[in-house]
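Let me begin by presenting the structure, written as structure tokens, before commenting on it.
So, in structure tokens, the structure goes:
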């Protein structure tokens with residue numbers, strides 16, 4: 379599985395994702411083993427000329443391709459530089475429904491248009507802007523994947539995201555992934571989150587990986 383997190387504050391957006399990819403092996407007697415396939419999977423990518431971030435969790439290998447590679451094809455074939463974050467999110471849902479409707483994948487799509495942050499939760503069944511409520515822009519955090527640790531940690535905690543600097547938002551996004559990985563170490567089950575944590579920040583002016591296992595191994 380995966381842990382992906384996104385924190386939205388006035389100065390920008392911070393996105394984080396772990397790198398572990400697990401798989402299952404079924405035996406003839408009906409037993410199933412789950413094992414770590416790699417700790418170097420790409421779960422956080424840039425599209426639209428590297429201005430929109432997309433993280434994902436769920437099915438990781440689809441018809442012999444990684445989801446990161448599928449997003450690369452989606453970026454090349456479906457996205458134009460004039461598309462807004464909303465349009466990219468809508469196109470992604472249509473792409474999922476038409477080409478990969480039998481798979482379960484969840485995406486967080488984030489970026490800026492006209493200096494306004496847009497963050498969407500996208501699945502084949504849902505398209506929802508997570509930083510807009512009751513007709514107003516809100517600063518918040520959103521997660522997906524292995525949620526047990528995050529739910530326990532942040533349940534009942536009030537955080538003023540409207541006053542949070544971008545550096546703190548980046549630290550929080552990274553921390554949420556890191557604490558999930560460390561928590562699973564002590565569970566009596568396979569740790570489905572792990573590997574390096576990739577960390578992306580997006581502002582009105584640029585999008586940049588602060589940490590990336592390929593750019594700075």
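In the numbering used here, the protein residues as written are 379 to 595.
All C-beta atoms in this analysis are idealised placements derived from N, C-alpha and C, irrespective of residue type, glycine included.
All of these numbers come straight from a predicted model, not from anything done at the bench.
Proximity winner among the options, relative to residue i (alpha-carbon distances)
i           : options               : result
residue 449 : 487, 495, 464 and 416 : 487
residue 388 : 420, 543, 467 and 416 : 543
residue 433 : 593, 451, 394 and 469 : 394
residue 571 : 419, 482 and 439      : 419
residue 521 : 512, 496 and 485      : 485
residue 441 : 410, 478 and 382      : 478
residue 588 : 557, 545, 514 and 562 : 545
residue 583 : 575, 410 and 489      : 489
residue 551 : 535, 575 and 534      : 575
Check whether residue i and residue j have beta carbons under 7 Å apart
i           : j           : result
residue 421 : residue 380 : yes
residue 428 : residue 585 : yes
residue 523 : residue 435 : yes
residue 451 : residue 426 : no
residue 491 : residue 463 : yes
residue 518 : residue 532 : no
residue 579 : residue 446 : no
residue 497 : residue 470 : no
Whole-number beta carbon distance between residue j and residue i, since they are thought to touch under 8 Å
i           : j           : result
residue 559 : residue 417 : Wrong, their Cβ atoms sit about 10 Å apart, outside the cutoff.
residue 390 : residue 581 : 4 Å
residue 399 : residue 415 : 5 Å
residue 466 : residue 430 : 6 Å
residue 593 : residue 548 : Between residue 548 and residue 593 the Cβ distance is about 16 Å, and since that is not below 8 Å, they are no contact.
residue 554 : residue 401 : Actually they are not in contact, since the Cβ atoms of residue 554 and residue 401 sit about 25 Å apart, beyond 8 Å.
residue 474 : residue 502 : 5 Å
Three-state secondary structure (DSSP) of residue i
i           : result
residue 550 : helix
residue 514 : strand
residue 498 : strand
residue 383 : strand
is_contact[residue i, chain B] using C-beta, thresh 7 Å
i           : result
residue 532 : This model lacks chain B altogether, as it is built from one protein chain only.
Practice problem: Would you check if the segment 500-513 and the segment 526-533 touch, i.e. whether three or more CB-CB distances between them fall below 8 Å? | Solution: By the criterion of at least three beta-carbon pairs nearer than 8 Å, the segment 526-533 is not in contact with the segment 500-513.
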